[in-house]
Amino acid sequence: MAIDHRLLYLKTTVALAVLTLIEIGVSYWNLPRFHQIGLLLTFAIIKMAFVAYVFMHLYYETRLLRRILFIPIPLLVYFLLGLAYDATFEWTF
Amino acid sequence: MSHTINIKRDPFGHASTGKLAMWLFLAMDALTFGVILAGGIYYRLRTDQWPDAGQVLNIPLTSFNTFLLIMTSFTMVMALNELKMDNQKKFKTFILITIVGGISFLGIQVYEYYHFIKGGPELGKALNDYGFSEASLLWTSGSFGSTFYATTAFHGLHVFTGVVYLSVILYQANKGIYTSKNYDRVEIAGLFWHFVDLVWILVFTIIYLI
């Protein structure tokens, strides 16, 4: 018989909903732009990790598969943070 | 005569070939989304015609849509959970709720597009504050319009694909194909659906909130 994960899925859904509410609050909060973008991206990454690890069962996959899937992510995050930094200080090319 | 048996552990564990293929497809699709979003950020850096968060785009409506998509992710994972427990009726019900949730998400997106394309004095005033001359937001309304429509429409196409995909799964479920021993295809469909939710988290943050 398979293990019943109902409670875990329910807790994850509640966590995602709460994080979304916090995100919306942060978007209306009059914070310095760089801090606001940093916070919003951090919350988004946490939420994405919840979905990938719990709902997509990535937690139960092998290390090799996780590594293959994660290779492009640091590059993308680095690129997005670089652009966010650029946008904050209004540097132009 | 002695025999030696070499047992090699599969580096991908118990994942089926179909599941591995879906994971690789999703990794590729994630990069496509990443490039579209990065393109949008780049355009944003290069133009002053970009409304602040909540000035043109409707955050409360889209927040509701975000909650809706999170709920469909929950119902999708619950469908798989119930199938593994051999609760056929609950499995089908959860799949059906997921499909209805996906259609509702698309309906709200169509309403949002209709509102922007039709335009109006209030929208026109909000757009004029950021240097736009039209009273409606079209895909030709500068970098902002093209980025907004390209990103959300590409995501919407994924939701539509997911709805069709899950409808096929439900049709097959009604024929009694899936059991607690045969759920691989449902799990693979679930991966696609959760990916749609995962991507929306980033789209919502970058396009609507930042």
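Sequence lines, in order, name chains S and X. The first sequence begins at 1 in this note's numbering and counts up one residue at a time. The second sequence begins at 1001 in this note's numbering and counts up one residue at a time. Note that the Cβ used here is the ideal one computed from N, Cα and C, for glycine as well.
When secondary structure is reduced to three states using DSSP, Val1164 of chain X falls in the helix class. What His1194 of chain X touches in chain S, judged by beta-carbon distance under 7 Å, is Val51, Phe55, Met56, going in chain order. Apart from sequence neighbours up to five positions away, the residues of its chain that approach Glu1082 of chain X with a beta-carbon distance below 7 Å are Lys1090, Phe1091, Phe1094, ordered along the chain.
Between Phe1105 of chain X and Leu1068 of chain X a beta carbon distance of about 5 Å is seen, short of the 8 Å cut, so the two are scored as contacting.
Per DSSP, Tyr1130 of chain X lies in no alpha helix (DSSP H) segment and is marked neither H nor E. The continuous alpha helix (DSSP H) containing Thr1098 of chain X extends over residues 1088-1118. Taking 7 Å as the cut-off between beta carbons, the residues of the region 1180-1209 of chain X near chain S are Ser1180, Leu1191, His1194, Asp1197, Leu1198, Ile1201, Leu1202, Thr1205, Leu1209, in sequence order.
Taking C-alpha positions only, Leu1024 of chain X is separated from Leu69 of chain S by approximately 8 Å. Under the three-pair Cβ rule at 8 Å, the region 1133-1153 of chain X counts as touching the region 1031-1043 of chain X. The residues Phe1192, in chain order, have a CB closer than 8 Å to that of Thr1161 of chain X in the same chain once the five nearest residues on each side in sequence are set aside. For Lys1019 of chain X, the CB contacts under 6 Å within the same chain, skipping 5 residues up- and downstream, are Ile1188 in chain order. The beta-carbon of Phe1012 of chain X is placed less than 9 Å from the nearest beta-carbon of chain S. Annotated three-state conformation of Pro32 of chain S is coil, per DSSP. Non-local beta-carbon contacts of Thr1072 of chain X in its own chain, meaning distances under 8 Å to residues more than five positions away in sequence, involve Ile1097, Thr1098, Gly1101, Gly1102, Phe1105, Trp1193, Asp1197 in chain order. Taking a contact as a CB-CB distance under 8 Å, the pair Met1085 of chain X and Ala2 of chain S counts as one, their CB atoms being some 6 Å apart. DSSP, read as helix, strand or coil, puts Ile1201 of chain X in helix. C-alpha of Ala1053 of chain X to C-alpha of Ile1210 of chain X: approximately 6 Å in a straight line. When the alpha-carbon of Ile1201 of chain X is set against those of X:Trp1050, X:Phe1064, X:Ile1005, X:Leu1127, the nearest one is in X:Phe1064.
In this structure, the beta-carbon distance from Leu1031 of chain X to Pro74 of chain S does not fall below 9 Å.
Counting along the chain, Pro1051 of chain X sits inside no alpha helix (DSSP H), nor does DSSP assign it H or E at all. A direct Cα-Cα distance of roughly 53 Å separates Ile1036 of chain X from Thr1004 of chain X.
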